[in-house]
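The block underneath contains the structure these notes are about, expressed in structure tokens.
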Amino acid sequence: MVKKVFCKCYLAIEMKNVFNYINAFSIFIAIIITSTDLTAQSKIYGIIKDSLDKNIAGVNVLLLGTSDSSLIKGTLTDAKGNFLFGNISDGNYFIKATYTGFTELNTEAFSITAGNNKDFGILHLYEKGVRLDEVKVASKRPLLEQKIDRLVINVANSVTAAGNTALEILERSPGVIVDHQNGTIAMNGKAGVVVMMNGKISHMPVTAIVQMLSGMTSGNIERIELITTPPANLDAEGNAGYINIVLKENNNFGTNGSYSATVGYGSGWIAGASLNINHRSGKINLYGDVNYSRVESPLPITAYSKISNNGVIQETSFIGDRFNIIPNINGRIGADWQLSKQTIAGVLFSGYYNGYRQTEHNLNNIIINSKLDTIIHLDNREKNYWYNYSGNINLQHNFNENDNLQLNLDYIYYYNNQPVNYHSSYYDDSNSFAYDQYFRSGKKTPIHFVVVAADYAKKLSAKISMQAGAKQTISTFDNTISFENLLQSSWIKDNSLSAIYKLKENYNAAYISFDMPVSNNTELKAGLRVEHTTTNLSTEQTKNIVNRNYTNLFPSIFISHKLNENSALDFSYSRRITRPTFNDLAPFTYYLNANTLITGNAALQASLSDVVKAGLTFKKYLISISYSNEKGAITGFQAHADSVLNKIKLSPENLQSMKILSGVLSIPVDVTAWWSMQYNITGAWQQVNALYLGQPVKVEEVYCTINAIERFALPKNYTIELAGSYYSPQLNGIAVTKASGSLDAGIRKKFKGKGGSLYLNAINILNTTVFSLYVNLPEYNLVNSLKGVFVLPSVKLTYTRSFGKEKLKEKRERNTGAEEEKGRVQ
-6 MVKKVFCKCY
4 LAIEMKNVFN
14 YINAFSIFIA
24 IIITSTDLTA
34 QSKIYGIIKD
44 SLDKNIAGVN
54 VLLLGTSDSS
64 LIKGTLTDAK
74 GNFLFGNISD
84 GNYFIKATYT
94 GFTELNTEAF
104 SITAGNNKDF
114 GILHLYEKGV
124 RLDEVKVASK
134 RPLLEQKIDR
144 LVINVANSVT
154 AAGNTALEIL
164 ERSPGVIVDH
174 QNGTIAMNGK
184 AGVVVMMNGK
194 ISHMPVTAIV
204 QMLSGMTSGN
214 IERIELITTP
224 PANLDAEGNA
234 GYINIVLKEN
244 NNFGTNGSYS
254 ATVGYGSGWI
264 AGASLNINHR
274 SGKINLYGDV
284 NYSRVESPLP
294 ITAYSKISNN
304 GVIQETSFIG
314 DRFNIIPNIN
324 GRIGADWQLS
334 KQTIAGVLFS
344 GYYNGYRQTE
354 HNLNNIIINS
364 KLDTIIHLDN
374 REKNYWYNYS
384 GNINLQHNFN
394 ENDNLQLNLD
404 YIYYYNNQPV
414 NYHSSYYDDS
424 NSFAYDQYFR
434 SGKKTPIHFV
444 VVAADYAKKL
454 SAKISMQAGA
464 KQTISTFDNT
474 ISFENLLQSS
484 WIKDNSLSAI
494 YKLKENYNAA
504 YISFDMPVSN
514 NTELKAGLRV
524 EHTTTNLSTE
534 QTKNIVNRNY
544 TNLFPSIFIS
554 HKLNENSALD
564 FSYSRRITRP
574 TFNDLAPFTY
584 YLNANTLITG
594 NAALQASLSD
604 VVKAGLTFKK
614 YLISISYSNE
624 KGAITGFQAH
634 ADSVLNKIKL
644 SPENLQSMKI
654 LSGVLSIPVD
664 VTAWWSMQYN
674 ITGAWQQVNA
684 LYLGQPVKVE
694 EVYCTINAIE
704 RFALPKNYTI
714 ELAGSYYSPQ
724 LNGIAVTKAS
734 GSLDAGIRKK
744 FKGKGGSLYL
754 NAINILNTTV
764 FSLYVNLPEY
774 NLVNSLKGVF
784 VLPSVKLTYT
794 RSFGKEKLKE
804 KRERNTGAEE
814 EKGRVQ
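Residue 819 is where the sequence shown ends in this note's numbering, and the numbering goes up by one at each step.
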């Protein structure tokens, strides 16, 4: 009788709309209470959390009989993850818990006798893809996990990732392209990627981000998230999406942490080390980490250009022999205080230093009408130093279990100093010396950010949640650039290439979003974000070079429909914006070779993009299709030929539009208990529409990327991993990047107890990671190419080890706090 009443009431609850839910639930409870034998007062209760010890609300918890798995009672967990079954009769039972996106949990059978309660303590649900042994999680996650809006790369579990930098890991991530020469990152064929650290946006220029990531060791990285369709609570910046780098944090009591050390060689020495430490006692948590790396490597570059002017054809061939030394150190230190049961306060200080140094000898051959005319030897010495320090104050308060407010105040400072010295020696066609030329350029850029943000979350009902927030970002910089020629032992400034640029850019934003069920099997998340931006760029001589004031709306919607226990359909739509970077807006001068100049573009406009995505998940397999249309897309350094001066100028440009249709197939395979595979395949069509010299240009390309990982678990705690990737030709603006790939291999030995792990990795074994770019549009007098080997084959040996206490954090009853929020900088 009890079972029949329960089933009817439970079905009635699910059929009613959310506004009648509470009343229906009250009726349901009343029926259950009056229908149950009150002579047995036993209770069954517990808490359900995820793998990060975060409470999960809304979990479907069923009490089942062991004899025939019949349903006895059912309930949903509250906001704190608690579940409770009261008035339970004597018998044998087990509990089943399910939640969308998580693996089903089934407890062992247990017995209840009159008057005795059953306390399960904490039960954990684990995201799908994690192997379970009853209610225990295996010690490792798969390297790649595909979720509704992001692809997660579990760096901490990768054998081939050990000893590598964050940038090297990104380069081998599905759909990610790193342009070392121009210092840009693209994802799924689109530039405009925003990089976050632990959920906080890094406001530094992309070129500086590339340098910072090149010095960040994998030993301090937990995972990397590739977010292609960001929700409304994230800034609308970044048409390609977000890359979120989640650093390791330790949620245990006492003092504990980990450290790693790496040494390697790849045509130059490689060294790195990292330390992560955490101390938790009572109401205070102190934490910090530091990373150091030093990489020495040659950088061979070749280039070619061809310009026609009134029947005169000039060709320039360029061979560059660079050698880079890149020391990098970054760290952070922070503290959290639990001021009361409802309030947590935190502070965080962080900083980094990157001391890029380069020496280079270039050979340039100038050919006029197929005949050698001039030979130029160009010697460069470049330094590109970046400094950063930042501070964050965070306050989080829970008004009650359904209302949460977070306040953040950030100050961020960057300073870039980039002096370059050039020495050119000119020879005639018979290789006889003609003359020398000396010139130098300088760039000094201090950048300031002040960011104020408030985020509020409220549970409106048992199934409806709301998030809302506001944010203000104030940014300024002074960009001092200079260019000087050495004439008769005196340095003479070239005023046409020297200036002091001042930029002020502010943007205010507000958002609201809702999570709610549409039906029993369909969930909806919808949001709207509004951003108002003002930008002004001036020099002492010229005011209002850029003076813009605009407001944009950014809607987003996510729908997930569960077809059955093993499959689900997902749909999403979002609008994004990409603002010109500071380096792009404030022109600078850099000579790649004798006839090729790299500079910025103050005329750049912000671009807007619309992205639609649909996906099907079946067990651990995923297939998705997305389409994006970006108007005014900002692309990397595009070539412009000056037939009068016989020069090639590379600068960022706004395209008219860029359209991309792509499909992704994710295939994880467990061949045996000791052999697992992961394949990610992306196929895409690109179309670029641009204007060049006032004439329309349309180029198209179909491309694919393949990422494959093979992992073998061997006896005596050995693990072998093979990782391969292939990228077919694809568009970079109106230019085309040629095919490239990589093959990596690694072996890990895990020692018993706290002995740590030893990794031996071989990177880019076949030396096929080559960046090669070309434009072949002779009808526009535009023929040039560039080739660089930025990742050379290397071998690395890494040792990692954890230390300290390992008492589980779950014994500390705390449902709020910065250390439990993924979006907190830690």
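Beta carbons: idealized from backbone N, C-alpha and C, even for Gly.
My understanding is that Gly608 touches Leu615, with C-beta atoms under 8 Å, so please give their C-beta distance in whole angstroms.
6 Å
Note down, in chain order, each residue of its chain lying with its Cβ closer than 7 Å to the Cβ of Ser531, except the 5 sequence neighbours on either side.
Lys495, Asn537 and Ile538
Assign Ser363 to one of three DSSP states: helix, strand, or coil.
coil
Taking the alpha-carbon of Ser600 as reference, which of Asn647, Leu56 and Asp228 has the nearest alpha-carbon?
Asn647
State the start and end residues of the unbroken beta strand (DSSP E) segment that holds Asn302.
Ile277 to Asn302
Endpoints, beta strand (DSSP E) assigned at Leu658:
Its beta strand (DSSP E) spans residues Ser650 to Thr665.
For a quick check, are the C-beta atoms of Val681 and Leu724 less than 8 Å apart?
yes
Any contact of the stretch 425 to 443 with the stretch 390 to 398, i.e. 3+ C-beta pairs under 8 Å?
no
Would DSSP call Leu578 helix, strand or coil?
Here Leu578 sits in helix by DSSP.
Range covered by the beta strand (DSSP E) that runs through Lys536:
That residue, Lys536, is in no beta strand (DSSP E); it is neither H nor E in DSSP.
Rounded to a whole number of angstroms, what is the C-alpha to C-alpha distance between Ile821 and Leu597?
Limits of the chain in this structure are -6 at one end and 819 at the other, which puts residue 821 out of reach.
Check whether the stretch 321 to 340 and the stretch 350 to 364 are in contact - that is, three or more C-beta pairs closer than 8 Å.
no
Start and end residues, beta strand (DSSP E) containing Tyr672:
Trp668 to Tyr685
Per DSSP, cross-strand counterpart(s) of Asp635:
Lys640
Measuring only the C-alpha atoms, how far is Gly687 from Trp484?
39 Å
Determine which residues share a DSSP beta bridge with Ala492 and list them.
Ile474
Tell me whether the beta-carbon of Gly265 lies closer than 8 Å to the beta-carbon of Ser286.
yes
Give me the Cα-Cα distance between Leu116 and Ile81, rounded to the nearest whole angstrom.
20 Å
Within the same chain, show all residues whose beta-carbon is closer than 6 Å to that of Tyr685, passing over the 5 residues directly before and after it, in chain order.
Tyr773
Residue ranges of each beta strand (DSSP E) within the stretch 703 to 745, 3 or longer:
711 to 720, 723 to 725, 728 to 730 and 733 to 743
Per DSSP, which one or two residues make a beta bridge with Lys89?
Looking at the DSSP output, Lys89 bridges to Leu55 and Asn99.
In the DSSP assignment, what residue or residues form a beta bridge with Asp422?
The partner list for Asp422 (beta bridge, DSSP) is empty, contrary to what the question assumes.
Is the beta carbon of Ile756 less than 8 Å from the beta carbon of Lys789?
yes
Anyone know if the C-beta pair for Asn377 and Tyr345 falls short of 8 Å?
no
Do Tyr419 and Leu479 have their beta-carbon atoms positioned less than 8 Å apart in this structure?
no
Can you tell me the Cβ-Cβ gap for Lys709 and Pro722, rounded? I've got them flagged as a contact below 8 Å.
Actually they do not touch by this definition, with Cβ atoms about 44 Å apart.
Report the option in Glu308, Ile294 and Glu375 whose CA atom is closest to the CA atom of Ile300.
It is Glu308.
Do you know offhand how far Asn673's Cα is from Lys111's?
If you draw a straight line from the Cα of Asn673 to the Cα of Lys111, it comes to about 45 Å.
Quick one: what's got a C-beta closer than 6 Å to Gln631's C-beta in the same chain, skipping five residues either side?
The answer, listed in chain order, is Glu646 and Gly726.
Between the CA atoms of Thr222 and Asp563 - distance to the nearest angstrom:
12 Å
With the cut-off set at 8 Å, would you say Pro786 and Gly384 are in Cβ contact?
no
In whole angstroms, what separates the C-alpha of Ile361 from that of Phe426?
19 Å
DSSP has Pro224 in a bridge; who is on the other side?
In the DSSP output, where bridge partners are listed per residue, Pro224 has none listed.
Around the Cβ of Pro689, are there at least 16 other Cβ atoms within 10 angstroms (buried) or fewer (exposed)?
exposed
Throw me the rounded Cβ distance for the Asn249 and Phe796 pair, which I believe falls under 8 Å.
6 Å
By the DSSP assignment, the beta strand (DSSP E) with Ser619 in it spans what residues?
Tyr614 to Lys624
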